[in-house]
Each structure stands twice: as C-alpha cells, then as structure tokens.
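Student:
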C-alpha cells in the first residue's frame with residue numbers, strides 16, 4: 084500500500100489562495116435547472132446559466148441586475164425574458180422571447196417570436212432558425228409612444244443589429260441605424276417603419292431566396308414635417324419575384340435580383356434629383372420583366388394618413404416617354420444619361436422645382452409604358 088502524505092500550505096500561502104477563490108466565486112454563474120415539465124424559472128442578480136430542458140417553460144431573467152445570462156431553454160414552447168448581454172439557445176418549439184440589448188439569440192426550429200424591450204440599445208444578433216418567425220424590433224417604439232414617451236432620446240434607439248430570419252416565411256421589423264437583415268430562404272416580409280421620433284438610417288435589407296417583400300414605410304403623424312425621415316438604405320430582393328417599396332427620404336440603392344420584381348413608390352419625397360434612389364438591375368425583356376409602380380404616388384406615402392387628412396392616393400399620372408414635361412404636372416418621363424436612364428415625375432398640377440427622380444443604372448434600351456404601373 085502506498086503511503087499518503089498530507090501537505091499543508093504555510094499560513095501566508097493558504098490565505099492568498101482563499102482570497103483568490105473568494106474573488107473568483109462572485110464571477111461564477113448561478114446554475115438554474117428545470118425539469119422535464121412546464122417550469123417557472125427565475126434568475127438571480129448576476130450571471131445565470133439556465134437549463135430549461137423539455138416542457139413549456141417560462142424563464143424570467145429581466146430583473147435590473149440580471150445580466151450576461153446564458154439560456155438553454157430546451158424543447159417546448161418556451162417564454163423567455165432576458166436582461167442585457169444575454170446568450171439564448173431557445174431550442175425546438177414555438178418560442179417567444181423579449182430581449183434588451185447586446186444579446187445573441189438562436190431561436191431554433193419552430194414558429195418563434197422575438198420582441199425588443201423598450202430600453203433596447205442595439206448591438207444584437209438574432210438567428211430565427213427554421214420556421215415562420217416574427218422578429219419585431221419596432222415593438223419598443225410603439226410601447227414607448229403608447230405610454231407617453233412622445234420623443235424618446237436618440238441614444239435609446241437600437242443600432243448595429245444583425246438579424247437572420249432562417250428558412251421559412253419570416254416577418255422581420257428592424258429599427259435603428261446600420262442594421263443588417265437577411266430574410267434567408269422563404270417568402271419573407273421585411274418592414275422598416277420610419278417614425279419621426281425614431282430616425283432609421285443606412286439599413287441593409289436582403290430578402291434572399293423566395294418571393295419577398297421589403298418595405299420602407301414612413302408613418303408621419305398629422306401636423307408633423309415628414310422631411311426628417313431616414314435615408315440611404317440598401318434593399319436587395321435576391322432570387323424570386325420580389326416587391327420593394329422605398330419611402331425613405333432618398334438616396335436608397337435597390338436591387339431586385341433574379342425574377343420579375345416590382346419597385347413601388349408611394350411618396351413623392353422618397354427620391355429626388357438632389358439625392359436620387361438608384362435601381363441597379365432594372366430589366367425589362369422577354370426573360371425578366373421588372374416594373375416600377377407609381378400608381379399610388381402621393382404627398383405623404385402612407386395611405387392611411389392620406390385618407391385621414393384628405394389627400395388623394397391615386398396619382399393619375401400620364402406617361403410621356405422621352406418628351407419634355409408640358410408644365411401641366413402629373414407626368415412621367417424618361418431621359419437617357421451617361422449612367423443609364425432617369426425616371427422623372429412632375430407630380431403636381433402646378434409646376435414643381437423638386438422633381439421625383441429614379442436612376443436606372445445601365446439601362447440603355449428604349450423603355451415603354453409597359454415597364455410601369457400607373
């Protein structure tokens with residue numbers, strides 16, 4: 084039998100080791116374990132690791148001091164509330180999650196829903212996974228307006244978020260600046276709603292595969308000047324028959340991708356000669372027939388408010404080809420340029436110095452009215 088020898092540390096070394104362990108312990112996570120059933124799991128102050136396992140769990144980690152948590156929700160239709168700097172693996176099931184800021188979210192398989200809380204600041208990454216997911220970063224703005232925060236400070240607006248919808252027919256509503264959105268495979272809806280209280284700029288929105296709809300919609304309130312809305316988005320429908328709606332304040336770059344795409348404009352202030360939108364791949368031939376829809380071009384770009392305050396929605400425009408404007412207004416004309424072709428609209432009965440203009444890059448053919456919906 085081997086002899087065992089017990090060695091003790093000198094008092095000074097033993098005390099230093101104890102102090103080191105004492106400093107390390109507060110940094111270790113709290114382990115919270117669920118069962119195979121439907122659990123209610125609540126986090127503690129500090130860093131938690133939560134394991135929900137199977138079942139329809141409710142996981143609440145949104146107390147003021149509860150940050151930097153890691154959640155493994157497991158299978159089941161789970162309901163998750165996080166603090167800041169969270170990492171969440173929701174697992175399979177139709178899960179719902181309310182998040183704040185600087186978090187990384189993997190929703191997994193299922194028809195999931197992700198909402199941003201009122202105080203979300205951004206720097207989030209969300210992967211929707213397979214399924215028909217709803218990812219709504221606009222939720223916090225409506226919540227704030229509903230509770231009387233009419234002019235939230237700019238610093239509470241989200242920015243630099245990255246969202247991947249995953250396979251499935253996803254519904255994605257980003258908000259803030261410099262966001263990157265990929266719908267991925269499926270017939271996705273990506274909708275950016277521009278509110279005066281929450282300017283949104285420089286988003287990169289990709290529909291990817293499928294018949295996608297990418298909307299940039301302004302929502303002015305009666306009495307507000309709508310000329311302050313966001314600018315300079317990149318919209319790319321990807322493969323499929325896509326619908327791209329641009330109602331920002333100008334300077335957007337639109338790419339339809341392969342397929343018969345429609346570029347829809349509803350607001351006369353969405354693009355101008357000073358800061359025009361650019362369509363990079365407009366194609367009208369036997370193989371592909373893209374179209375520009377100007378039928379509802381009007382003064383606000385949002386049909387609900389048009390009807391509310393009495394503006395017309397039907398543009399009633401006349402296509403005049405490559406002829407100069409007559410000065411009578413409500414006309415659409417084309418002009419060849421060194422870059423391609425400009426689409427110009429004088430939308431008012433009275434002559435307007437501010438012309439609506441879209442640049443069609445690389446288009447040298449003679450377009451006809453067939454390329455437009457008027």
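In my numbering, the protein residues as written are 84 to 457.
Virtual Cβ for every residue (Gly too), placed ideally from N, Cα, C.
Please say whether residue 207 and residue 179 have beta carbons closer to each other than 8 Å?
Tutor: What you label residue 179 is simply residue 96 of the chain shown in a count that begins at 1. What you label residue 207 is simply residue 124 of the chain shown in a count that begins at 1. The answer is no: Cβ separation not under 8 Å.
Student: Between the alpha carbons of residue 420 and residue 400, how many angstroms are there, rounded?
Tutor: Here residue 420 corresponds to residue number 337 of the chain shown, with the count starting at 1. Here residue 400 corresponds to residue number 317 of the chain shown, with the count starting at 1. One C-alpha to the other measures close to 23 Å.
Student: Report, in whole angstroms, the separation of the C-beta atoms of residue 375 and residue 297, which I expect to be a contact under 8 Å.
Tutor: Numbered from 1 along the chain shown, position 292 holds the residue referred to as residue 375. Numbered from 1 along the chain shown, position 214 holds the residue referred to as residue 297. Not really, about 15 Å apart at Cβ, beyond 8 Å.
Student: Nearest to residue 274 by CA position, among 365, 139, 217 and 114, is which residue?
Tutor: Reading the chain shown from its first residue, position 191 is the one you call residue 274. Ranking 365, 139, 217 and 114 by Cα distance to residue 274 puts 217 first.
Student: Can you have a look at residue 128 and say buried or exposed, based on whether 16 or more other CB atoms are within 10 angstroms of its CB?
Tutor: In the chain shown, residue 128 corresponds to position 45, counting from 1. So residue 128 counts as exposed.
Student: Would you tell me roughly how many angstroms separate the C-alpha atoms of residue 330 and residue 367, rounded to the nearest one?
Tutor: Taking the chain shown and counting its residues from 1, the one referred to as residue 330 is at position 247. Taking the chain shown and counting its residues from 1, the one referred to as residue 367 is at position 284. Approximately 23 Å between the Cα atoms of the pair.
Student: Is the separation between the beta-carbon of residue 350 and that of residue 324 shorter than 8 Å?
Tutor: Along the chain shown, one-based indexing puts residue 350 at 267. Along the chain shown, one-based indexing puts residue 324 at 241. Going by C-beta atoms, residue 350 is not nearer than 8 Å to residue 324.
Student: Does the distance from the C-beta atom of residue 352 to that of residue 320 stay below 8 Å?
Tutor: Counting from one through the chain shown, the residue named residue 352 turns up at place 269. Counting from one through the chain shown, the residue named residue 320 turns up at place 237. Cβ atoms of residue 352 and residue 320: not closer than 8 Å.
Student: Leaving out five residues on either side along the sequence, give the residues of the same chain with a beta carbon under 7 Å from the beta carbon of residue 294.
Tutor: Position 211 of the chain shown, counting from 1, holds the residue named residue 294. Cβ neighbours of residue 294 beyond the five flanking positions: 270, 323, 324 and 325.
Student: Please say whether residue 124 and residue 150 have beta carbons closer to each other than 8 Å?
Tutor: Within the chain shown, numbered from 1, the residue matching residue 150 stands at position 67. Within the chain shown, numbered from 1, the residue matching residue 124 stands at position 41. Contact flag unset, no.
Student: Report yes if the C-beta distance between residue 343 and residue 373 is below 8 Å; otherwise report no.
Tutor: Within the chain shown, the letter at position 260 stands for residue 343. Within the chain shown, the letter at position 290 stands for residue 373. The answer is yes: Cβ separation under 8 Å.
Student: Starting from residue 254 and walking both ways along the beta strand (DSSP E), at which residues does that stretch end?
Tutor: Looking up residue 254 in the chain shown gives position 171. 254-256 is the span of the beta strand (DSSP E), which, as asked, contains residue 254.
Student: Buried or exposed: residue 447, going by 16 or more other Cβ atoms within 10 Å of its Cβ?
Tutor: For the purposes of this step, residue 447 is taken as the residue at position 364 of the chain shown. Exposed, by the Cβ-count rule.
Student: Is the beta carbon of residue 265 closer than 8 Å to that of residue 285?
Tutor: As a first step, residue 285 must be located in the chain shown, where it is residue number 202. As a first step, residue 265 must be located in the chain shown, where it is residue number 182. No, they are not a contact pair.
Student: Among the candidates 272, 445, 118 and 437, whose CA atom is the shortest distance from the CA of residue 424?
Tutor: Here residue 424 refers to the residue found at position 341 when the chain shown is read from its first residue. For residue 424, the nearest C-alpha among the options comes from 445.
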